[in-house]
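The structure appears below as structure tokens.
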Ligand code: ADP
């Protein structure tokens, strides 16, 4: 059988991306080292993880990354003895963009296309690390072999239009990447030992496998090998040059050191290594828990939300270690989903090194750790100063809010952390605590309203009476807020109440006056029977003529909209039409009705009252053309 060999075109988006990477990152070209080393380190992690169930995989070899440079040939080689890739894996992983990132990446690319640049932050986030090789290389060769296969795979490309994949020979398991360097018009010579050394130190010092390079060393020549003169003094050289393996990175497990021994720079570099984020972290927690069990933890809060924060298949940032040995990443057992944006390490010496995910789920130690770190993380948020918290909340507020319906144990703490703008806050965010402190004399309830548009909420007819009383109303514009308010019936002993639902329990409508309107309202109800379940005098309107409301337990208009938008069948809900009986229009309609109940305009007016209510809350009327005509006729009559 002949060897498999295929030449394939890069997908369009990969070509575009390569073009952008090469053009935007040339001034940052050294990062290719970090990206390739980080891939190698991941491949070693994967092997290590597999070996936990299949110890045969790792015999007595040391897991490592090796760098080599050839000045004359102008090549750099980066190799690892990690998991390696099969033929199919190579074609799947190299030459495409990570699936989860594609859509978001394309969007970001569209935006950056205008200026033909790509911010370096994007590279790490979108998992396009491998392609960074083409910033410096005119040709890249990747040679890889998995533990279980006899044949290796060779992938080559010059990074323009196409790449070739073929079966090849390779002795050892793992991946080797050879870069043939372009003539770069800059001072840095990447084949220079000193340069490589300082780049590794700067970007990859924390990689937990040794990054080895064969370097030239000067050693003293042993005295018995030296040529001496008559007086016993050496005649020739006293030193000689030898080639020796040297580990370039310190592999410092900074989480096990005491805080005073770690510099800010080290913290920051470690964060970048761990998270693949290029921005410095916003905050961190570094501590050692002591008690029945001991463990170290170092946790970081990013300063920017990852683009895929709410994607289902996103990996979280938690890494589990046992006695400085990596066990797994994406450790869901250590942190609830809503805090999945936190990056960090937990090193629990009492865990079994061979622990599997199944065991972790029932492990009491892990449950305990999780409980403690959530507590610490929430305390970190609480202790941020106002400015920092603002930055944090803009990025992660939405994620935090989703903890309220899901993390029962920490609900109260989360309630203290959430913020909203309000009818009185002038665009600023207020906490529930501040809201309660500012409540008016006699105000018993925390009022809120939900919807997708701040401006229309701000001017919603539902708030007229509340505004008249000078009560503050929280404006909630996040879909998740609907779930927040459902799980947060009260705060600090004060009920949370939707301004568009139920009875606001503010002013009673005079019973006698109410009765006067009953026949008219019953009549309107018969005309709007399909859409409205009740017509009643409003206690929330002051200037507007009509609005819609629901019962306390019912879905809000916004919730219905969210459900529809997400493709869920939202049962059509009939709502309550509230009419302002102090409004001249209602009183005029009443006199028309009392003169002649068969007057055909009464039907039009009834429908119009409903349409006005719908428009008032930013909704769409059912029959816009008819609405248009009726209003047109009314205007003509009025003028
Ligand atoms: P990312 O590492 O962010 O996923 P890359 O483009 O750098 O994106 O790599 C794509 C994929 O190729 C990796 O997810 C991994 O599966 C595979 N890969 C890259 N380098 C190696 C390596 N040295 N050993 C094994 N697999 C690798």
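Residue numbers (this note's numbering): 348 to 986. No residue lacks a Cβ here, since even glycine has one placed at the ideal position from N, Cα and C.
Legend entry - Runs of beta strand (DSSP E) lying entirely within the region 767–819, each at least 3 residues, in chain order: 793–797
Legend entry - Residue environment, residue 672, which counts as buried when at least 16 other CB atoms sit within 10 Å: Position 325 of the chain shown, counting from 1, holds the residue named residue 672. Classification of residue 672: exposed, given that the 10 Å Cβ count is below 16.
Inset, instruction - Measure the C-alpha to C-alpha separation of residue 652 and residue 588 and round it to an integer number of angstroms. - result: Reading the chain shown from its first residue, position 305 is the one you call residue 652. Reading the chain shown from its first residue, position 241 is the one you call residue 588. Roughly 50 angstroms separates the two Cα atoms.
Inset, instruction - Kindly give me the distance between the Cβ atoms of residue 506 and residue 383, rounded to whole angstroms, as I take these residues to be in contact under 8 angstroms. - result: Taking the first residue of the chain shown as 1, we reach residue 506 at position 159. Taking the first residue of the chain shown as 1, we reach residue 383 at position 36. Not a contact, Cβ separation roughly 14 angstroms.
Inset, instruction - Verify whether the separation of the beta carbon atoms of residue 710 and residue 682 is less than 8 angstroms. - result: Along the chain shown, read from residue 1 onward, the residue named residue 710 stands at position 363. Along the chain shown, read from residue 1 onward, the residue named residue 682 stands at position 335. No, the Cβ-Cβ distance between residue 710 and residue 682 is not below 8 angstroms.
Legend entry - Check: residue 442 C-beta below 7 angstroms from any heavy atom of ligand 1: Translated into positions along the chain shown, residue 442 becomes position 95. The answer is no for residue 442.
Legend entry - Close-in-space but distant-in-sequence residues of the same chain around residue 666 (CB under 6 angstroms, 5 per side omitted): As a working mapping, residue 666 is identified with position 319 in the chain shown. Closer than 6 angstroms at Cβ, skipping near neighbours: 676 and 692.
Inset, instruction - Check whether the Cβ of residue 398 lies closer than 7 angstroms to any heavy atom of ligand 1, and answer yes or no. - result: In the chain shown, the residue the question calls residue 398 occupies position 51. Every heavy atom of ligand 1 is 7 angstroms or more from the Cβ of residue 398, so no.
Legend entry - Contact under 8 angstroms by Cβ, residue 749 with residue 797: Taking the chain shown and counting its residues from 1, one reaches residue 749 at position 402. Taking the chain shown and counting its residues from 1, one reaches residue 797 at position 450. Not closer than 8 angstroms, so no.
Inset, instruction - Please find out if some non-hydrogen atom of ligand 1 comes closer than 7 angstroms to the beta-carbon of residue 386. - result: For the purposes of this step, residue 386 is taken as residue 39 along the chain shown, with counting starting at 1. It does: the Cβ of residue 386 is within 7 angstroms (strictly closer) of some heavy atom of ligand 1.
Inset, instruction - Determine contact between the region 410–427 and the region 509–528, defined as no fewer than three beta-carbon pairs at a distance below 8 angstroms. - result: yes
Legend entry - Cβ contact (3+ pairs, closer than 8 angstroms) linking the region 562–575 and the region 413–425: no
Inset, instruction - Within 10 angstroms of the Cβ of residue 549, are there 16 or more other Cβ atoms? Answer buried if so, exposed if not. - result: The count along the chain shown starts at 1 and reaches residue 549 at position 202. By the 10 Å Cβ count, residue 549 comes out exposed.
Legend entry - Beta-bridge partners of residue 502, as assigned by DSSP: Here residue 502 corresponds to residue number 155 of the chain shown, with the count starting at 1. Its beta-bridge partners are 489 and 512.
Inset, instruction - Take residue 889 and list the residues in its own chain whose beta-carbon comes closer than 7 angstroms to its own, dropping the five residues that flank it on each side. - result: For the purposes of this step, residue 889 is taken as residue 542 along the chain shown, with counting starting at 1. Only 811, 812 and 815 meet the Cβ criterion.
Legend entry - the region 711–718 touching the region 613–625, judged by at least three CB pairs closer than 8 angstroms: no
Legend entry - Enclosing beta strand (DSSP E) for residue 591 [first to last residue]: Numbered from its first residue, the chain shown carries residue 591 at position 244. Start and end: 586–594.
Inset, instruction - Check whether the Cβ of residue 383 lies closer than 8 angstroms to any Cβ atom in chain C. - result: Protein chains in the displayed structure number just one, and chain C is not present.
Legend entry - Ordered list of alpha helix (DSSP H) runs contained in the region 358–399, each at least 4 residues: 359–371 and 378–398
Legend entry - Beta bridge counterpart(s) of residue 561 as assigned by DSSP: The residue labelled residue 561 in the question sits at position 214 within the chain shown. DSSP output for residue 561 lists 592 as bridge partner(s).
Inset, instruction - In angstroms with no decimal places, state the Cα-to-Cα distance between residue 481 and residue 772. - result: By 1-based counting over the chain shown, the position of residue 481 is 134. By 1-based counting over the chain shown, the position of residue 772 is 425. One C-alpha to the other measures close to 51 angstroms.
Inset, instruction - Could you round the C-beta distance between residue 1001 and residue 880 to whole angstroms and report it? I think they count as a contact, below 8 angstroms. - result: The chain is shown only over 348 to 986; residue 1001 falls outside these bounds and no answer can be derived.
Inset, instruction - Report yes if the C-beta of residue 546 is less than 7 angstroms from at least one heavy atom of ligand 1; otherwise report no. - result: Start at 1 with the first residue of the chain shown, and residue 546 comes out as number 199. Checking every heavy atom of ligand 1 against the Cβ of residue 546, none is found closer than 7 angstroms.
Legend entry - Whole-angstrom C-beta distance between residue 698 and residue 669, which should lie under 8 angstroms: Within the chain shown, the letter at position 322 stands for residue 669. Within the chain shown, the letter at position 351 stands for residue 698. Right, their Cβ atoms sit about 5 angstroms apart.
Inset, instruction - Could you tell me if residue 916 is buried or exposed, where buried requires 16 or more neighbouring beta carbons within 10 angstroms of its beta carbon? - result: To locate residue 916, count along the chain shown from 1; it is residue 569. The residue in question, residue 916, is exposed, as its Cβ has fewer than 16 Cβ neighbours within 10 Å.
Inset, instruction - Within its chain, find whatever has a CB closer than 7 angstroms to the CB of residue 629; leave out the 5 residues flanking it on each side and keep chain order. - result: Translated into the one-based positions of the chain shown, residue 629 becomes position 282. Within the same chain, residue 629 has close Cβ partners 648, 649, 650, 735, 738 and 739.
Legend entry - Residue(s) in a DSSP beta bridge with residue 527: Your numbering for residue 527 matches position 180 in the chain shown. DSSP output for residue 527 lists 422 and 486 as bridge partner(s).
Legend entry - Cβ separation of residue 478 and residue 368, assumed to be a contact under 8 angstroms, to the nearest whole Å: For the purposes of this step, residue 478 is taken as the residue at position 131 of the chain shown. For the purposes of this step, residue 368 is taken as the residue at position 21 of the chain shown. The Cβ separation is near 5 angstroms, so the contact holds.
Legend entry - Distance CB(residue 777)-CB(residue 767) smaller than 8 angstroms: Residue numbering aside, residue 777 sits at position 430 when the chain shown is read from its first letter. Residue numbering aside, residue 767 sits at position 420 when the chain shown is read from its first letter. Yes, these two residues count as a Cβ contact at 8 angstroms.
Inset, instruction - Return the chain-ordered list of same chain residues with a C-beta closer than 6 angstroms to the C-beta of residue 635, the five sequence neighbours on each side being excluded. - result: Residue numbering aside, residue 635 sits at position 288 when the chain shown is read from its first letter. Around residue 635: 643.
Inset, instruction - Please name the residue or residues paired with residue 634 in a DSSP beta bridge. - result: For the purposes of this step, residue 634 is taken as the residue at position 287 of the chain shown. Paired residue(s): 644.
Inset, instruction - Could you tell me if the beta carbon of residue 430 falls within a distance shorter than 7 angstroms of some heavy atom in ligand 1? - result: As a working note, residue 430 is residue 83 in the chain shown. For ligand 1, at least one heavy atom lies less than 7 angstroms from the Cβ of residue 430.
Legend entry - Where residue 596 falls, given that 16 or more other Cβ within 10 Å makes a residue buried: Residue mapping note: residue 596 aligns to position 249 of the chain shown, counting from 1. Buried: at least 16 other Cβ atoms inside 10 Å.
Legend entry - Buried versus exposed, by CB contacts within 10 Å (16 or more), residue 590: By 1-based counting over the chain shown, the position of residue 590 is 243. Exposed, because fewer than 16 other Cβ atoms sit within 10 Å of the Cβ of residue 590.
Legend entry - C-alpha gap between residue 599 and residue 805, whole angstroms: Mapped onto the chain shown, residue 599 falls at position 252. Mapped onto the chain shown, residue 805 falls at position 458. Answer to the nearest angstrom: the Cα atoms are 54 angstroms apart.
Legend entry - Nearest to residue 586 (by Cα), restricted to the options 563, 578, 362 and 607: Here residue 586 is taken as the residue at index 239 of the chain shown, counted from 1. Ranking 563, 578, 362 and 607 by Cα distance to residue 586 puts 563 first.
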